[in-house]
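Engineer: Dumping the structure here so I can ask a few things about it.
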Amino acid sequence: ALGKTCLQISYTINAFPGEDIPTAFDNYSANVMVDGKLVNLGLWNTAGQEDYDRLRPLSYPQADVFLICFSLVSPASFENVLAKWYPEVQHHCPNTPIILKLKEKKLTPITYPQGLAMAKEIGAVIYLECLALTQRGLKTVFDEAIRAVLCPPPVKKRKRKCLQL
Numbered sequence: 001a002l003g004k005t006c007l008q009i010s011y012t013i014n015a016f017p018g019e020d021i022p023t024a025f026d027n028y029s030a031n032v033m034v035d036g037k038l039v040n041l042g043l044w045n046t047a048g049q050e051d052y053d054r055l056r057p058l059s060y061p062q063a064d065v066f067l068i069c070f071s072l073v074s075p076a077s078f079e080n081v082l083a084k085w086y087p088e089v090q091h092h093c094p095n096t097p098i099i100l101k102l103k104e105k106k107l108t109p110i111t112y113p114q115g116l117a118m119a120k121e122i123g124a125v126i127y128l129e130c131l132a133l134t135q136r137g138l139k140t141v142f143d144e145a146i147r148a149v150l151c152p153p154p155v156k157k158r159k160r161k162c163l164q165l
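In structure tokens, the structure reads:
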């Protein structure tokens with residue numbers, strides 16, 4: 001449990017939810033201003049448990065951007081960025097922008113340079129840190145996700161490789 005639902009609710013209602021909310025598939029909608037533009041933001045929060053591995057990708061084709069989240073205090077969640085989430089997103093939506101963000105910043109076994117390195121490794125548009133409880137950095141995370149869709153960064157051409165077997 002990383003607190004993705006709390007992150008989403010904190011952003012949409014500007015308050016931290018007082019109770020633990022289990023997630024299957026939660027959808028929220030919000031009208032927000034980013035760079036002077038009114039944007040209708042649809043947020044889809046999908047469950048990360050293995051039970052949903054086959055169902056979760058059904059929501060991916062409608063996505064314009066992915067927020068891949070991890071907790072600074074959970075090295076396992078950080079490792080899952082590369083082991084599970086990035087490969088899954090790349091498989092189903094290879095051209096959709098990715099924002100790498102963490103959930104909390106109380107204790108920091110995962111350092112900022114480690115987060116930046118992971119973001120670079122997966123080709124994330126940006127790496128951001130925020131805390132849903134205090135909303136510090138929260139608006140920036142979602143604003144940058146919107147900017148990644150409205151003003152996508154130039155796509156780097158990959159070098160073509162030939163493999164002889």
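Letter by letter, the sequence shown follows residues 1 to 165 in the UniProt record's numbering. Glycine is no exception: its CB is placed at the ideal position from the N, C-alpha and C atoms.
Can you grab the Cα-Cα spacing for the pair A47 / M118, in whole Å?
Structural biologist: 22 Å
Engineer: From K139 to F78, what distance separates their C-alpha atoms?
Structural biologist: 22 Å
Engineer: Look up R56 in the DSSP assignment and say whether it is helix, strand or coil.
Structural biologist: helix
Engineer: Cα separation between L7 and R136?
Structural biologist: 11 Å
Engineer: Put F25 into one of helix, strand or coil per three-state DSSP.
Structural biologist: Unreliable positioning characterises F25 in this predicted model, as indicated by a pLDDT of 48, which lies under 50. A coordinate reading is not provided.
Engineer: Note down, one range per segment and in chain order, each alpha helix (DSSP H) of at least 4 residues found wholly within the segment 128 to 159.
Structural biologist: 138 to 150
Engineer: To the nearest angstrom, how far is it from the Cα of I110 to the Cα of G36?
Structural biologist: 35 Å
Engineer: Please report how far the alpha carbon of I68 lies from the alpha carbon of T12, in whole angstroms.
Structural biologist: 18 Å
Engineer: Could you check the C-alpha separation between G42 and A30 for me, to the nearest Å?
Structural biologist: 7 Å
Engineer: Which term fits residue 166, buried or exposed, when burial requires 16 or more other beta carbons within 10 angstroms of its beta carbon?
Structural biologist: Since the first and last residues shown for the chain are 1 and 165, residue 166 lies out of range.
Engineer: Can you tell which of Y60, P17 and L72 has the C-alpha that lies nearest to the C-alpha of N45?
Structural biologist: The shortest C-alpha separation from N45 is found at Y60.
Engineer: Does Y127 come within less than 8 Å of chain D when only Cβ atoms are used?
Structural biologist: The structure shown contains no chain D; it is built from a single protein chain.
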